[in-house]
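Numbering (this note's numbering), first residue to last: 6 to 289. From the three backbone atoms N, C-alpha and C, an ideal C-beta is built for every residue, glycine too. Model, not experiment: these values are computed from the prediction.
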């Protein structure tokens, strides 16, 4: 039985770039994009056209940044969606390939970031679980110095994006994907946790800040309501939001201590990646 025709709207590189400019994306700025291709409608050219449209809106002096996380490079003991048999754990730890920024694919962040990661001239940061990729003249300024024991804190691209007055674009994605909120977790009292992963010399365990995206949707709702800095619009069929990294981090620093319970702040290893910060899951 034939499939029904798509409902649209039809989205092209040019229409996407034009709608982003109408939203307020500026030529020459640095933009951290969280995205959902399926939310946009029927995109002629798929993720390649989306990346082209983003680069068109940013212009030759602009810089596009995306998360290229690899949360599956983690301890199989905390995988839960689905879990793997305990008798496999030691073998997985002994044989899992270490992170290589040139070849390790992103996971759990969508096809648009993976397209950016493989784009000619793209750079990628060094953290083996929470890397970012970027295209543009400020890419190295954003990505250099991503410390291996600092997933999303002061020695990560998020802090550089804050310093450089970058903005966040939620392109059909919700606040639960907003990595900028995680930077605030490093600035408020937050438990530490042991994180296992493959390293260049074998399996390693590092101490990290415990991160979770639990309640980020609620945090984002309050941020949008209380600050008035979020510009909302439509790109294709997608709800789209644009706002400064600095404003998001500052608001989250105030919000998190007031709204997270002690249970939510508990240093549960199961809250750590893979898949996405805060989700102990592994999908096939």
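Only residues of its own chain outside the window of five on either side were considered, and among them 63, 64, 66 and 67 have a CB closer than 8 Å to the CB of residue 33, listed in chain order. About 6 Å separates the Cβ atoms of residue 242 and residue 44, confirming a contact at the 8 Å cut-off. Its chain contains 28, 29, 246, 247 and 248 as the residues whose beta carbon lies nearer than 8 Å to that of residue 236, once the 5 sequence neighbours on both sides are disregarded; these appear in chain order.
For residue 117, the three-state secondary structure derived from DSSP is helix.
Assignment of residue 216 by DSSP, reduced to helix, strand and coil, places it in the coil class. Between the alpha carbons of residue 182 and residue 124 lies a distance of about 22 Å. 8 Å or more divides the Cβ of residue 120 from the Cβ of residue 157. In terms of Cβ geometry, residue 172 and residue 83 do not form a close pair [threshold 8 Å]. If the five residues before and after residue 101 are omitted, its C-beta is found closer than 6 Å to the C-beta atoms of 203, all from its own chain and listed in chain order.
Within a 10 Å sphere around the beta-carbon of residue 152 sit fewer than 16 other beta-carbons, which makes this residue exposed. According to DSSP, residue pairing for residue 239 in a beta bridge involves 244. Here the alpha carbons of residue 52 and residue 59 stand approximately 11 Å from one another.
Remark: C-beta atoms of residue 186 and residue 224 approach each other more closely than 8 Å. CA-to-CA, the gap between residue 180 and residue 163 works out to about 16 Å.
With respect to the C-alpha of residue 154, the residue from 138, 191 and 35 having the closest C-alpha is 191. Judged by pairs of C-beta atoms under 8 Å, the region 94 to 111 touches the region 68 to 78, as three or more such pairs exist. Counting only runs of 3 or more residues that sit fully inside the region 16 to 68, the beta strand (DSSP E) segments are 35 to 40, in chain order. Contact annotation, residue 215 with residue 188: C-beta distance approximately 14 Å; criterion of less than 8 Å not satisfied. Burial state of residue 200 is buried, judged by a 10 Å Cβ sphere holding 16 or more other Cβ atoms.
When the beta-carbon positions are compared, residue 222 and residue 177 stay at least 8 Å from each other.
Residue range 197 to 204 is occupied by the beta strand (DSSP E) that includes residue 200. In this chain, the beta strand (DSSP E) harbouring residue 175 covers 172 to 176. Here residue 207 carries a strand assignment [DSSP, helix/strand/coil].
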